[in-house]
Amino acid sequence: MPTTTAHSSAALPLPGHLPPDLAGRLAAAVAIACEVGDYIQSQVGQVVSVESKSSVVDLVTNVDKEADKRIGTYLRNQFPDDTLITEETFQEGVTALSTERAWVVDPIDGTTSFAHGFPYYSVSIAWLDEGVAKLGVVYDPCRNECFYAVRGSGAWLNGQPLCVTKTTTLQASLWATGFPYSTDTATFEEQMQVVKTVLQHTHGIRRLGSAALDLVYVACGRLDGFWEYTLSPWDIAAGALIVEEAGGQTSNLDGVALRLDDRLITILASNGLLHQPFITLYHNGLA
Ligand code: IPD
Ligand code: CA
Ligand code: CA
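To convert, take the position in the sequence shown, counting from 1, and add 1464; that gives the working numbering.
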């Protein structure tokens, strides 16, 4: 039987058949994602500082930093023996990505959208055991939608089981992607070529601005697939698991399994049926 946990807006049913360590971590991750998501929502239009990180279009706000701090403090208090990897405390060359029992946190995935008041951003929290995501939570505070999954147990949206689409042809499929912060690279030209090819062979592409939400939109059937180059582990750790548990497939663009301890990750997520057709289209488009 499902149990419920505190949610700022509604009681959220969680699966009741999980081992205690996973059940406790899932309840904690859902609770803090929703709580901090509601804090983020309370700050729309009240951002006091916007800074640049890797480039002028890679933004971080005071709300990202505060959200990161709140999630980190909560998880550290609840699970002091777990490693904590958060986007805003991550230090290149210092933070180890391959550790046992680690939380991987993106406090706001979709900062550019958030900073502009465009309602498509999320809180993403995953828990990994030896590099494998065991549970993932993606919370959309704009729509009060909480997506979560536990490896081997399924995926849910506010308590309802998730399932990917059954679309069998690329021509009838809808995709999302994202664009890199850096546009002066050879990879960027390649990415534009892929966009052109996909536009010519599908119902279209959406660029919405949160990789974590794009992934869970694949999981719940609002999209048939999503791909993006050079993402970070915290962008995809939770969402990729949710796709897999909803019956979909994830890999890189060559069909090779993802490694969450890679610093930069290129991801393809789909309903499974379109996975190989998309890989073939991608390679043909670049030939
Ligand atoms: C970004 C979002 C965006 C993707 C970028 C990410 P951030 O995360 O996921 O959709 O295109 O590559 O960096 O910076 O808003 O946490
Ligand atoms: Ca992100
Ligand atoms: Ca972020």
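Think of the CB as a built atom: it goes at the ideal place given N, C-alpha and C, for glycine as much as any other residue.
Closer than 7 Å to a non-hydrogen atom of ligand 2 - does that hold for the CB of residue i?
{"i": "Asp1678", "result": "no"}
{"i": "Asp1699", "result": "yes"}
{"i": "Glu1499", "result": "no"}
Please name the residue in the options whose C-alpha comes closest to that of residue i.
{"i": "Leu1453", "options": "Val1662, Leu1687, Val1707", "result": "It is not possible to answer for residue 1453, since the shown part of the chain is limited to 1465 through 1751."}
{"i": "Ser1586", "options": "Gln1510, Leu1677, Lys1517, Arg1565", "result": "Leu1677"}
{"i": "Ile1729", "options": "Val1614, Val1680, Leu1695", "result": "Leu1695"}
{"i": "Val1614", "options": "His1747, Asn1748, Leu1750, Pro1483", "result": "Pro1483"}
{"i": "Ala1702", "options": "Lys1533, Ala1493, Asp1502, Gly1501", "result": "Ala1493"}
{"i": "Glu1552", "options": "Asn1526, Ile1504, Thr1563", "result": "Asn1526"}
{"i": "Leu1679", "options": "Phe1652, Trp1639, Leu1561, Val1558", "result": "Trp1639"}
{"i": "Gln1657", "options": "Trp1620, Tyr1538, Gly1749", "result": "Gly1749"}
{"i": "Ala1721", "options": "Pro1741, Ala1579, Ala1704", "result": "Ala1704"}
From the DSSP output, which residues share a beta bridge with residue i?
{"i": "Thr1666", "result": "Its beta-bridge partners do not exist; DSSP assigns none."}
{"i": "Thr1641", "result": "Trp1691"}
{"i": "Glu1609", "result": "Asp1604"}
{"i": "Ile1731", "result": "Glu1692"}
{"i": "Glu1515", "result": "Val1524"}
Which residue marks the beginning of the alpha helix (DSSP H) containing residue i, and which one marks its end?
{"i": "Leu1672", "result": "Leu1672 -> no alpha helix (DSSP H), and no H or E assigned at all."}
{"i": "Asp1593", "result": "Looking at the DSSP string, Asp1593 is not in any alpha helix (DSSP H); the run it does join, the beta strand (DSSP E), is 1586-1593."}
{"i": "Leu1745", "result": "1739-1750"}
{"i": "Asp1502", "result": "1484-1506"}
Looking at residue i and ligand 1, is the gap between the Cβ and the nearest heavy atom below 7 Å?
{"i": "Ile1572", "result": "yes"}
{"i": "Phe1643", "result": "yes"}
{"i": "Leu1695", "result": "yes"}
{"i": "Asp1546", "result": "no"}
Starting from residue i, trace the beta strand (DSSP E) both ways and give me its first and last residue.
{"i": "Thr1550", "result": "1547-1550"}
{"i": "Val1527", "result": "Element bounds for Val1527: not the beta strand (DSSP E) but the alpha helix (DSSP H), 1526-1542."}
{"i": "Gly1618", "result": "1618-1621"}
{"i": "Asp1573", "result": "1566-1573"}
{"i": "Pro1583", "result": "Premise fails: Pro1583 is in no beta strand (DSSP E) and is neither H nor E."}
{"i": "Val1707", "result": "Run containing Val1707: none in the beta strand (DSSP E); it sits in the alpha helix (DSSP H), 1697-1709."}
{"i": "Ser1715", "result": "1713-1715"}
{"i": "Leu1626", "result": "Premise fails: Leu1626 is in no beta strand (DSSP E) and is neither H nor E."}
Taking 7 Å as the cut-off, is the CB of residue i close to at least one heavy atom of ligand 3?
{"i": "Asp1593", "result": "no"}
{"i": "Asp1522", "result": "no"}
Stretch pair the segment 1625-1638 + the segment 1732-1743: three plus CB contacts closer than 8 Å: A contact exists between the segment 1625-1638 and the segment 1732-1743.
At least three beta-carbon pairs within less than 8 Å, the segment 1602-1617 to the segment 1712-1725: Taking a contact to require three or more Cβ pairs closer than 8 Å, the segment 1602-1617 and the segment 1712-1725 do not qualify as touching.
Touch test, the segment 1638-1646 against the segment 1516-1531, Cβ-Cβ under 8 Å, three pairs minimum: The segment 1638-1646 makes contact with the segment 1516-1531; the number of CB pairs closer than 8 Å reaches 3 or more.
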